[in-house]
Amino acid sequence: MKVVIAGAGSVGRSVAKELTHAGHDITIVDKQPSAMKIASVPEADWILADACEPETLQRAQAGEADVVVAATGDDKANLVISLLSKTEYGVERVIARVNDPADEWLFDDSWGVDVAISTPRVMAPFVEDALSNGRLVTVMRFYRSGAALLQTTLPAHAPLVGMAVSDVVLPPSVVLNAIVRDGVPFTADPDLTIEAEDQVLFLYVDGEGDDLDIVRELIGDESLKDGDGGGGEATEA
107 MKVVIAGAGS
117 VGRSVAKELT
127 HAGHDITIVD
137 KQPSAMKIAS
147 VPEADWILAD
157 ACEPETLQRA
167 QAGEADVVVA
177 ATGDDKANLV
187 ISLLSKTEYG
197 VERVIARVND
207 PADEWLFDDS
217 WGVDVAISTP
227 RVMAPFVEDA
237 LSNGRLVTVM
247 RFYRSGAALL
257 QTTLPAHAPL
267 VGMAVSDVVL
277 PPSVVLNAIV
287 RDGVPFTADP
297 DLTIEAEDQV
307 LFLYVDGEGD
317 DLDIVRELIG
327 DESLKDGDGG
337 GGEATEA
């Protein structure tokens, strides 16, 4: 697989290292001479140029790339790189780094972005889960479809505990996708009985405003009693 990575900072280099070790063809682009740490990923092709310029992406053979990763520390640059990659070079998959969560709303298919990755949003669900059971947390958003992967760890008092998957009634916008128990993943088999401390994953597509409140009741989310857990959105950073 051919991958073009725009941005040779710590994020871009780390991604490049992982992908070269997996045997992929990697090109790294950055406009800063100080970022040209070629020895850190010697297997990659390096280009000293501005990835916001179409000529640079052409030099990087973006038109032949399976994936372009816009991983600079500048959100504006990442948006421009994403748009050029998609519209000028027809790249099938464009992944963009979001540096400022306030900019995240921009990173969608109108800017050529297939997958937007915000480090605070990626980390926050795991912190939330470590702090408290029984809270519904967004693990990942799929921007093209509008779907979201949600998860929680069930407290003993959750109404779901003791129920078979086949007996769980969810809104049409929510699917019980999988259960992780003692580090072992299980598909949501109809005969599987849900237990306390199970990590439950739901797939959710925007539905009615109270759909997630129904899920919160089933997982025993105590914040509903306090009046601060509703509103139709799972917890995010």
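When we follow this note's numbering, the leftmost residue of the sequence shown carries the number 107, and every step to the right adds one.
We put the CB at the ideal spot given by N, CA and C, even for glycine.
query = Is I132 buried or exposed, if buried means 16 or more other CB atoms sit within 10 Å of its CB?
reply = With 16 or more Cβ atoms within 10 Å of its Cβ, I132 is classed as buried.
request  = Return the CA-CA distance between E323 and A177, expressed in angstroms with no decimal places.
outcome  = When rounded, the distance between both Cα atoms is 39 Å.
inquiry  = Here's the rule I'm using: 16 or more other beta-carbon atoms within 10 Å means buried, otherwise exposed. How should G118 be labelled?
reply    = Result: buried.
Reduced DSSP category for G337 - H, G, I as helix; E, B as strand; rest coil = Low per-residue confidence applies at G337: pLDDT is 48, beneath 50, and the placement is therefore not dependable enough to give any value.
task = Let me know if S191 comes out buried or exposed under the rule of 16 or more other beta-carbons within 10 Å of its beta-carbon.
result = That one is buried.
ask   = Under a three-way DSSP split, which group does A141 fall into?
value = Residue state, collapsed to three classes: helix.
key: Beta-carbon proximity list for D317, same chain, < 7 Å, skipping 5 on both sides   = In the same chain as D317, and ignoring 5 residues on each side of it, the C-beta atoms closer than 7 Å to its own belong to P277, S279, V280, in chain order.
Beta strand (DSSP E) runs contained entirely in the stretch 256-306, provided each spans 3 or more residues = 280-287, 290-293, all fully within the stretch 256-306.
ask   = Measuring CB to CB, does D136 end up less than 8 Å from A114?
value = In contact: D136 and A114 (Cβ atoms closer than 8 Å).
ask   = Under 8 Å between the Cβ atoms of D297 and R241?
value = For D297 and R241, no; Cβs fall outside 8 Å.
inquiry  = I'd like to know if the stretch 139-153 and the stretch 204-221 are in contact, where contact means that at least 3 CB-CB pairs between them fall below 8 Å.
reply    = In this structure the stretch 139-153 does not touch the stretch 204-221; the number of beta carbon pairs closer than 8 Å is below three.
inquiry  = Is it the case that the stretch 280-291 contacts the stretch 243-254, given that we only count it when at least three CB pairs across the two stretches are under 8 Å?
reply    = Counting Cβ pairs under 8 Å, fewer than three are found: no touch.
request  = Using the Cα positions of V186 and V245, report the straight-line distance between them to the nearest angstrom.
outcome  = Those two C-alpha atoms are separated by around 26 Å.
ask   = Any idea what DSSP makes of D181, helix, strand or coil?
value = The answer is helix: DSSP assigns D181 an H, G or I state.
ask   = Given V274, which residues of its chain have a CB within under 8 Å of its CB, disregarding the five upstream and five downstream residues?
value = If we look at V274 and ignore the five residues flanking it on each side, its Cβ neighbours are L266, L282, I300, L324.
query = Which of the three DSSP states, helix, strand or coil, is assigned to S224?
reply = Here S224 sits in strand by DSSP.
request  = Return the first residue and the last residue of the alpha helix (DSSP H) that D317 is part of.
outcome  = Segment 317-325, the alpha helix (DSSP H) holding D317.
message = Per DSSP, what are the beta-bridge partners of M81 in this structure?
response = Since the first residue of the chain shown is 107 and the last is 343, residue 81 is not available in this structure.
ask   = What first and last residue would you give for the beta strand (DSSP E) that runs through S112?
value = Looking at the sequence provided, one finds Ala at residue 112 rather than Ser. Residues 108-112.
task = Count the other C-beta atoms from every protein chain shown that fall within 10 angstroms of the C-beta of G335, then say buried if there are 16 or more, exposed otherwise.
result = Low confidence applies here, because G335 scores a pLDDT of 48, under 50, leaving its location unreliable; read the following figure in that light. By the 10 Å Cβ count, G335 comes out buried.
query = Which residue's Cα is closest to the Cα of T258: H127, D304, V311, P226?
reply = When each option's Cα is compared against that of T258, the closest is D304.
ask   = Taking the Cβ atom as the reference point for each residue, do A168 and V174 lie within a distance shorter than 8 Å?
value = By the CB criterion at 8 Å, A168 and V174 fall inside the cutoff.
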